[in-house]
Amino acid sequence: MLPSTEAASGGPDLLRGSYEISTRRDRLDLDLVHRFLSTEFWDTLGMTREVLERAVERSLCFGVYQGDRQVGFARVVTDGATFAFITDDFILPEHRGQGLGAWMMRCILAHPSLQGLRRVLLVTHDPRLYLRSGFTPLSDPESYMERAATGA
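In numbering that gives the first Met the number 0, the protein residues as written are 0 to 151.
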């Protein structure tokens, strides 16, 4: 069962200067998230709004906000027991360079629903950003397989 908005919140919103992180789905600016993911993000170009809405509904989502304006996003797909996959993570370009992405990753990895997992994975074109968060290249990449589909 997926966490509800209330159960997924993991407590109060997290603050850092004028920024905060929340897992409340009702705060997400899906227009902004869709616009960025479908036009700017390497792995989701052309994603439809319907696909995004289904993905958000079935995921633990993190929004980064400055006041009422959303400036970042990440989605975690997890069974809450053994495995999690972090995806669709971004900080808007005008807010980069302030450590917000690293802070968001720390908040994700500290979330109560993601403790005790056997494995947390992500896919990236810039691995150096995630080394500081404890990620390493796959220890046995030959054992991982993918089945890529079109249209999502």
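Idealized CB from N, CA, C, for every residue including glycine.
What residue range is occupied by the uninterrupted alpha helix (DSSP H) comprising Y129? 127–130
Take every Cβ of the region 80–87, pair it with every Cβ of the region 109–117, and state whether three or more of those distances are shorter than 8 Å. yes
List the DSSP bridge partners of L29. L29 pairs with nothing; no bridge assigned.
Could you tell me if Y143 is buried or exposed, where buried requires 16 or more neighbouring beta carbons within 10 angstroms of its beta carbon? An exposed status is given to Y143, since fewer than 16 other beta-carbon atoms sit within 10 Å of its beta-carbon.
Would you identify the three-state DSSP class for F82, choosing helix, strand or coil? strand
Determine the direct distance from the alpha carbon of W41 to that of A147, and round the result to whole angstroms. 15 Å
N- and C-terminal bounds of the alpha helix (DSSP H) containing R105: In this chain, the alpha helix (DSSP H) harbouring R105 covers 99–109.
With DSSP run on the structure shown, which of helix, strand or coil describes F35? helix
Would you tell me roughly how many angstroms separate the C-alpha atoms of M103 and L44, rounded to the nearest one? 23 Å
Measuring only the C-alpha atoms, how far is F72 from F89? 5 Å
Taking C-beta to C-beta, are I107 and G62 nearer than 8 Å? no
Is the region 118–135 touching the region 28–40 in the sense that three or more CB pairs, one from each, lie closer than 8 Å? no
Reducing DSSP to helix, strand and coil, say where L51 ends up. helix
Hey, R48 and H33 are a contact pair by Cβ (cut 8 Å); roughly how many whole angstroms apart? Taking the Cβ atoms as the reference, R48 lies roughly 5 Å from H33, within the contact range of under 8 Å.
Can you find the residues in the same chain that come closer than 8 Å, C-beta to C-beta, to G16, ignoring five residues on each side of it along the sequence? none
Assuming the contact rule is C-beta atoms closer than 8 Å, Y18 and L91 should be a hit. Round their C-beta distance to whole Å, please. Not really, about 12 Å apart at Cβ, beyond 8 Å.
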